[in-house]
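As structure tokens, the structure follows; a few thoughts come after it.
2 protein chains.
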Amino acid sequence: MGNQKLYKGSLQTIILKLLETNDKMYGYEITQKVKELTKGELKITEGALYPALHKLEADGLLDVEVAKVGNRLRKYYKLTESGTKETANKLDEMQEFLRTMQQLVNPKLSLE
Amino acid sequence: MGNQKLYKGSLQTIILKLLETNDKMYGYEITQKVKELTKGELKITEGALYPALHKLEADGLLDVEVAKVGNRLRKYYKLTESGTKETANKLDEMQEFLRTMQQLVNPKLSLE
DNA sequence: TTCTTATACATTAGATTCTTATGTATTGTT
DNA sequence: AACAATACATAAGAATCTAATGTATAAGAA
Numbered sequence: 114m115g116n117q118k119l120y121k122g123s124l125q126t127i128i129l130k131l132l133e134t135n136d137k138m139y140g141y142e143i144t145q146k147v148k149e150l151t152k153g154e155l156k157i158t159e160g161a162l163y164p165a166l167h168k169l170e171a172d173g174l175l176d177v178e179v180a181k182v183g184n185r186l187r188k189y190y191k192l193t194e195s196g197t198k199e200t201a202n203k204l205d206e207m208q209e210f211l212r213t214m215q216q217l218v219n220p221k222l223s224l225e
Numbered sequence: 114m115g116n117q118k119l120y121k122g123s124l125q126t127i128i129l130k131l132l133e134t135n136d137k138m139y140g141y142e143i144t145q146k147v148k149e150l151t152k153g154e155l156k157i158t159e160g161a162l163y164p165a166l167h168k169l170e171a172d173g174l175l176d177v178e179v180a181k182v183g184n185r186l187r188k189y190y191k192l193t194e195s196g197t198k199e200t201a202n203k204l205d206e207m208q209e210f211l212r213t214m215q216q217l218v219n220p221k222l223s224l225e
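Chains Z and B, in that order, are what the protein sequence lines are.
Convert by adding 113 to the 1-based position in the first sequence; the result is the number in our numbering.
Convert by adding 113 to the 1-based position in the second sequence; the result is the number in our numbering.
Given below as structure tokens:
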């Protein structure tokens with residue numbers, strides 16, 4: 114597993130992107146999906162995830178809907194209208210960041 | 114200027130990469146070079162840069178050499194042997210991170 | 001000549017974001 | 001019966017940054 118600290122700052126964007134693609138997801142599902150998509154390279158910890166979800170909700174980017182499955186609860190999160198807009202912004206910023214970093218660390222590959 | 118917080122965690126790698134390419138550089142020069150290379154997208158602040166340089170030196174990855182230019186001093190930093198190895202590691206980790214993030218936020222572009 | 005900007009180092013307070021540890025409870029597997 | 005997985009959550013502390021401040025020299029503009 115690579116350098117986890119590089120992912121610092123990108124958690125919100127990852128969550129928003131997943132919700133854009135999958136419509137609605139619950140917390141534990143997000144951790145599993147990220148592990149699967151990144152083949153174990155990135156593991157979202159609960160201590161990072163839940164506060165991040167709560168903040169996105171408090172900022173009005175996510176709506177929550179509590180569901181009961183068997184006897185256990187799940188909190189399904191979904192993008193609000195404002196969350197959809199913010200997702201587009203954050204994805205643009207992420208692409209610019211990725212281009213910039215690629216150019217910095219490997220100028221040869223970015224001649225296109 | 115994009116989302117500065119995405120760069121959190123990548124400063125060490127950036128410094129090491131610049132020193133790999135340019136052999137030796139001083140602090141202020143690094144800030145200017147990064148601004149130039151990223152067309153203003155990334156601005157390294159002194160409060161981030163100097164502690165980072167001191168840490169890399171304390172960790173034995175950089176050697177420092179003080180030079181006097183006119184009446185002003187410059188501290189030239191240079192990779193040690195161990196610093197050269199660590200640079201290769203960190204660049205590998207960065208490439209893996211960039212691939213992973215690209216795949217997460219834009220799966221379409223990563224079909225290759 | 002005086003004022004401002006650039007060069008060049010540095011530290012500190014505070015914010016943000018994470019990791020690690022801990023806690024509670026249900027459900028599935030051995 | 002015990003353990004792993006599912007599902008939520010918080011809290012202490014670490015790491016890394018931003019913004020502000022400080023010192024000093026050099027260069028350029030007014």
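Don't be surprised by glycine CBs; every beta carbon is placed ideally from N, CA and C.
For Met138 (chain B): DSSP bridge partner residues: Working through the second sequence from its first residue, we reach residue 138 (chain B) at position 25. BP columns for Met138 (chain B) point to B:Tyr190.
At what residues does the beta strand (DSSP E) containing Lys181 (chain B) begin and finish? Residue 181 (chain B) sits at position 68 when you count from the first residue of the second sequence. Looking at the DSSP string, the run of the beta strand (DSSP E) that includes Lys181 (chain B) is 175–182.
Gly122 (chain Z) and Lys148 (chain B) - do their beta-carbons sit closer together than 7 Å? Residue numbering aside, residue 148 (chain B) sits at position 35 when the second sequence is read from its first letter. Residue numbering aside, residue 122 (chain Z) sits at position 9 when the first sequence is read from its first letter. No, the pair does not count as a contact, with Cβ atoms beyond the cut-off.
Does the separation of the CB atoms of Val218 (chain B) and Leu204 (chain Z) fall below 7 Å? Position 105 of the second sequence holds residue 218 (chain B). Position 91 of the first sequence holds residue 204 (chain Z). In contact: Val218 (chain B) and Leu204 (chain Z) (Cβ atoms closer than 7 Å).
Kindly list the residues whose CB is nearer than 8 Å to the CB of Thr193 (chain Z), restricted to its own chain and excluding five residues on each side of it in sequence; keep chain order. Position 80 of the first sequence, counted from the first residue, corresponds to residue 193 (chain Z). Correct list, in chain order: Gly173, Leu174, Leu175, Asp176.
I want to verify the contact list: residues of chain Z whose CB lies under 8 Å from the CB of Gly122 (chain B), in sequence order. Against the second sequence, residue 122 (chain B) aligns to sequence position 9. Within 8 Å Cβ-Cβ: Asn116, Lys118, Leu119, Tyr120, Lys121, Gly122.
Could you tell me the distance, in whole angstroms, from the CA atom of Met191 (chain B) to the CA atom of Pro164 (chain B)? Position 78 of the second sequence, counted from the first residue, corresponds to residue 191 (chain B). Position 51 of the second sequence, counted from the first residue, corresponds to residue 164 (chain B). Position check: residue 191 (chain B) holds Lys in this sequence, whereas Met was assumed. Each residue's Cα considered, the two are about 16 Å apart.
On the CB-based measure, 16 or more other CB atoms within 10 Å of its CB, does Gly115 (chain Z) come out buried or exposed? In the first sequence, counting from the first residue as 1, residue 115 (chain Z) sits at position 2. Buried, by the Cβ-count rule.
Answer yes or no: does any C-beta atom of chain B fall closer than 7 Å to that of Lys130 (chain Z)? As a working note, residue 130 (chain Z) is residue 17 in the first sequence. So, interface residue.
Could you please tell me which residues of the segment 137–164 of chain Z, in chain order, have their CB closer than 8 Å to any CB of chain B? Taking 8 Å as the Cβ-Cβ cut-off against chain B, the residues of the segment 137–164 of chain Z that qualify are Val147, Leu150, Thr151, Glu154, Leu155.
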